[in-house]
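The structure under discussion appears below in the form of structure tokens.
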Amino acid sequence: MQPPCQTDAAPGGPDSGGRKQEGQGKPSLPTSRKICYAVGGAPYQMTGNSVSFFLPIFLLDVVQLNPFWASSVIFIGRAWDSVSDPIVGFLVSRSPRRKCGKMIPWILGSTPFGILLYCLLWFTPSDTLTTSWKFFWYLTTYCFFLTCLSCYHVPYTSMTMFLGGSQSDRDSATAYRMGMEVLSTLIGTTLQGLIVGKYHASMTLNCQGLNGSLPNGTMGNSTSPLTDTLENTRMAYLTAAMVIGALYCLSCVVLVLGVKEQHGPLSTLDQSRLPFVYSLFTIMGHKPYMLLLSGFFVVSMAFQMAQGIFAFFCTHAAGLAGSFQYLLLILLVVASLSIPFWQWFLVKFGKKSAVFVGFSLIIPAFIILVQVTHNFLTFALTMILVGCSTAVLFLLPWSMLPDAIDDFQLKNPSCQNLEAFFYSFYIFVNKFGGGLALGISTMSLHFAGYQAGSCEPNHMVKLILRVLMAPVPITLLIIGLTIFCFYPIDEKKRKEIRAKMEAAKDPLACNRDPRS
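Going from the sequence shown to the working numbering is simple: count from 1 and add 663.
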């Protein structure tokens, strides 16, 4: 039996300060608020993508962990991160609204710890430590950092529903946010790539000059050119982390000062008093949300598998050891510039059409990448297709999610204030898919016989890199696009939802604990 729900004051009623609702002359969302909200998304993308692109090669080539331990750090950390997201989402939904809002306190409280732990993640302990202690250091630091990032990102993304304005304003704010997140990914990845990329190239050249490998036992030999370069590379990673940490702090300040939480059309920003398990099963029973969740889980896994091994692929399989940072720069510049195009495209032709067209573009790009070696120009041109498709991955999931939440609220008018739960599970599947992809790819290198510090990987390692770069992601993309064929919210359905939302006058908020 479903628990009874308590009727609270409706949005627009006395408890909401008389705010007007959508369809009742509510003013549009100011551009300044959209920009400040968009800037708040920078920390997650700057740190998250830097970790995705560089942590595998950092652990393997710089820290020189065995592939088994490196993959364990990544997979266990992502698994922990995935579990923490729904828990954080539930705690946020149960949080009371304070003077500065319901979401802002979580963002403010997590920021200093997130910055500190991000810097510690790129710190290299002494080489005298055993492998097990190094594993413990990076696993612990990684898990705590990801928890702080969840405490920032879950309430931040949930704020989409509480910016004010209409459905079109919300879509516009999402486009601003995605544009800024792609730009912040570009800034973070470029900074990290430019700072550390030249040292990776120097390590490769010195390694080729020695015609061998650098076992950990030679670290005490300060006369070795490879040892000197390795130390410089480690310092470069830490420097890049501190620069990105400063931008993390600045973005948080802009968000807190520039955005004030508003009531949503069917939400009072109050506490949800539903039990965790009941909230979980209620959300998971909503078909459009589950199809959206499943489709983007598979597609995200495809992108993040390619993302996680890209630096490795360029270094060890494509013969572009000193150039991968420039390829990332091209990819992210194209993604940033194409966000406005895809926003126009989804308004003109619909969000489902944008999904199918956008994700199909990267399939021929993957095929080209594994067929060409030692050709920077071909890789650079291919990055244009990859960048266009990546922009769709940034924009569409977050643009389609509010539609599924609106549909849920209309079908379940007595169960509101669960927005943070919806967003936390959305983040959960994205992170879990990324962790699974990175874990599989790094573990595959272990079974292929990759040796940390080796100058020239064996043939099996190069083969595995090519398989993980094209056949596996393409298969996952086809599965994801098949799932999207069954997603029921097309443009006609969206218009119906918008009309019903504007007509909603007295929604109920589900706030009573069934035990009370």
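Glycine included, C-beta positions come from ideal geometry on N, C-alpha and C.
On a predicted model such as this, the values are computed, not experimentally measured, just so you know.
Using the rule of at least 16 other Cβ atoms within 10 Å of the residue's Cβ for burial, across every protein chain shown, is ASP1066 buried or exposed? The residue labelled residue 1066 in the question sits at position 403 within the sequence shown. Per the 10 Å Cβ criterion, buried.
Quick one: what's GLY764 bridged to in DSSP? Taking the first residue of the sequence shown as 1, we reach residue 764 at position 101. DSSP output for GLY764 lists ARG761 as bridge partner(s).
Candidates THR804, THR1045, LEU784, TRP1061: closest to TYR900 by CA position: By 1-based counting over the sequence shown, the position of residue 900 is 237. Comparing Cα positions, the closest option is LEU784.
Does the Cβ of TRP1007 have 16 or more other Cβ atoms within 10 Å, making it buried, or fewer, making it exposed? Sequence index remark: in the sequence shown, residue 1007 carries index 344 (1-based). Exposed, since its Cβ has fewer than 16 Cβ neighbours within 10 Å.
Nearest neighbour of THR803, chosen from SER735, GLY772, ASP834 [CA to CA]: Walking along the sequence shown from the start, residue 803 turns up at place 140. When only C-alpha atoms are compared, the closest one is SER735.
Would PRO759 be called buried (16 or more neighbouring beta carbons within 10 Å of its own) or exposed? As a working note, residue 759 is residue 96 in the sequence shown. Answer is exposed; the Cβ neighbour count stays below 16.
For ALA742, I'd like the list of residues in its chain whose CB is within less than 8 Å of its CB, leaving aside the five on either flank, ordered along the chain. As a working mapping, residue 742 is identified with position 79 in the sequence shown. So the qualifying residues of the chain are PHE1095, GLY1098.
PHE1228: buried (16+ other C-beta within 10 angstroms of its C-beta) or exposed? Past the edges of the chain, shown from 664 to 1179, lies residue 1228, and the structure says nothing about it.
Helix or strand or just coil, what does DSSP make of GLY800? On the sequence shown, residue 800 is found 137 positions in, with the first residue counted as 1. Contrary to the premise, residue 800 reads as Trp rather than Gly in this sequence. TRP800 falls in the helix class under three-state DSSP.
Which residue's Cα is closest to the Cα of LEU1131: SER1107, ALA1054, LEU1144? In the sequence shown, counting from the first residue as 1, residue 1131 sits at position 468. Closest option to LEU1131, Cα to Cα, is SER1107.
Determine, using beta-carbon pairs with one atom in the stretch 977-990 and one in the stretch 1036-1050, whether at least three such pairs fall under 8 Å. yes
Can you grab the Cα-Cα spacing for the pair LEU812 / ARG840, in whole Å? For the purposes of this step, residue 812 is identified with residue 149 of the sequence shown, where counting begins at 1. For the purposes of this step, residue 840 is identified with residue 177 of the sequence shown, where counting begins at 1. Cα to Cα, the separation comes out at about 17 Å.
8 Å contact criterion, which VAL919 and LEU826 should meet: CB distance rounded: Here residue 919 is taken as the residue at index 256 of the sequence shown, counted from 1. Here residue 826 is taken as the residue at index 163 of the sequence shown, counted from 1. Their Cβ separation, rounded to whole angstroms, is 14 Å, which puts VAL919 and LEU826 out of contact at 8 Å.
Close-in-space but distant-in-sequence residues of the same chain around ASN712 (CB under 8 Å, 5 per side omitted): Position 49 of the sequence shown holds residue 712. Closer than 8 Å at Cβ, skipping near neighbours: THR848, GLY851, THR852, GLN970.
Taking Cβ positions, are VAL845 and LEU995 nearer each other than 8 Å? As a working mapping, residue 845 is identified with position 182 in the sequence shown. As a working mapping, residue 995 is identified with position 332 in the sequence shown. For VAL845 and LEU995, yes; Cβs fall inside 8 Å.
How many Å lie between LEU718 and PHE738 at the Cα? Indexing the sequence shown from 1 puts residue 718 at position 55. Indexing the sequence shown from 1 puts residue 738 at position 75. Each residue's Cα considered, the two are about 12 Å apart.
Name the residue from SER942, LEU1128, LYS1163, GLN1114 whose alpha carbon lies nearest to the alpha carbon of LEU723. Walking along the sequence shown from the start, residue 723 turns up at place 60. Selected option, being the one with the closest Cα: GLN1114.
What are the boundary residues of the alpha helix (DSSP H) that includes ASN1093? Within the sequence shown, residue 1093 is the residue found at index 430, counting from 1. Taken as a continuous stretch (DSSP letters only), the alpha helix (DSSP H) holding ASN1093 covers 1082-1111.
Test item: CB-CB of ALA998 and GLY948 under 8 Å: In the sequence shown, residue 998 corresponds to position 335, counting from 1. In the sequence shown, residue 948 corresponds to position 285, counting from 1. Their beta carbons are not under 8 Å apart, which means ALA998 does not touch GLY948 by this criterion.
Using C-beta distances below 6 Å, list every residue in its chain close to LEU1009, excluding the 5 sequence neighbours before and after it, in chain order. Taking the sequence shown and counting its residues from 1, the one referred to as residue 1009 is at position 346. Correct list, in chain order: ALA1017.
At the level of alpha carbons, what is the spacing between CYS782 and GLY740? By 1-based counting over the sequence shown, the position of residue 782 is 119. By 1-based counting over the sequence shown, the position of residue 740 is 77. In a straight line, the C-alpha of CYS782 is about 16 Å away from that of GLY740.
Which residue from TRP796, PHE1084, ASP832, MET964 puts its Cα closest to that of THR820? Position 157 of the sequence shown, counted from the first residue, corresponds to residue 820. Closest option to THR820, Cα to Cα, is PHE1084.
What residue does the alpha helix (DSSP H) around ASP1066 start on, and which one ends it? Start at 1 with the first residue of the sequence shown, and residue 1066 comes out as number 403. Taken as a continuous stretch (DSSP letters only), the alpha helix (DSSP H) holding ASP1066 covers 1039-1074.
Considering only residues of the same chain and omitting the five flanking positions on each side of PHE987, which have a CB-CB separation below 6 Å? Stepping through the sequence shown from its first residue, residue 987 is reached at position 324. These residues qualify, in order along the chain: ALA974, CYS977.
Just curious, the alpha helix (DSSP H) that LEU692 is in, first and last residue? Position 29 of the sequence shown, counting from 1, holds the residue named residue 692. It is not in any alpha helix (DSSP H) - LEU692 carries neither H nor E in the DSSP assignment.
Exposed or buried, ASP834, counting other C-beta atoms within 10 Å across all chains shown (16 or more means buried)? Numbered from 1 along the sequence shown, position 171 holds the residue referred to as residue 834. Burial call: buried.
Pick from SER1023, LEU954, PRO1003, THR1105: whose alpha carbon is nearest that of LEU1064? Indexing the sequence shown from 1 puts residue 1064 at position 401. That would be LEU954, whose Cα lies nearest to the Cα of LEU1064.
Mark HIS1122 as exposed unless 16 or more other C-beta atoms lie within 10 angstroms of its C-beta, in which case mark it buried. Here residue 1122 corresponds to residue number 459 of the sequence shown, with the count starting at 1. It is exposed - the Cβ of HIS1122 has fewer than 16 other Cβ atoms within 10 Å.
How is the alpha helix (DSSP H) around TRP1005 delimited, first residue to last? As a position in the sequence shown, residue 1005 is number 342, starting the count at 1. That run of the alpha helix (DSSP H) goes 987-1012.
When the Cα of LEU857 is compared with those of VAL817, LEU991, ILE1103, GLU894, which residue comes out closest? Walking along the sequence shown from the start, residue 857 turns up at place 194. The residue with the shortest Cα to Cα distance from LEU857 is LEU991.
Among the residues of its own chain, which have a CB less than 6 Å from the CB of ALA1043, if the five just before and after it don't count? Taking the first residue of the sequence shown as position 1, residue 1043 is located at position 380. Closer than 6 Å at Cβ, skipping near neighbours: ILE993.
Please report the residue range of the alpha helix (DSSP H) in which GLU1165 lies. The sequence position of residue 1165 within the sequence shown is 502, counting from 1. Start and end: 1154-1166.
Relative to the C-alpha of GLU1082, which candidate in ALA705, GLY703, PRO818, GLN708 has its C-alpha closest? Taking the sequence shown and counting its residues from 1, the one referred to as residue 1082 is at position 419. Of the listed residues, the one whose Cα sits closest to GLU1082 is PRO818.
Supposed contact pair PHE1088 and SER1180 - C-beta distance, whole angstroms, cut 8 Å: This structure gives no information on residue 1180, because the portion of the chain shown stretches from 664 to 1179.
Would you verify that the beta carbon of ALA965 is, or is not, closer than 8 Å to some beta carbon of chain C? Any reference to chain C falls outside this structure, which holds one protein chain only.
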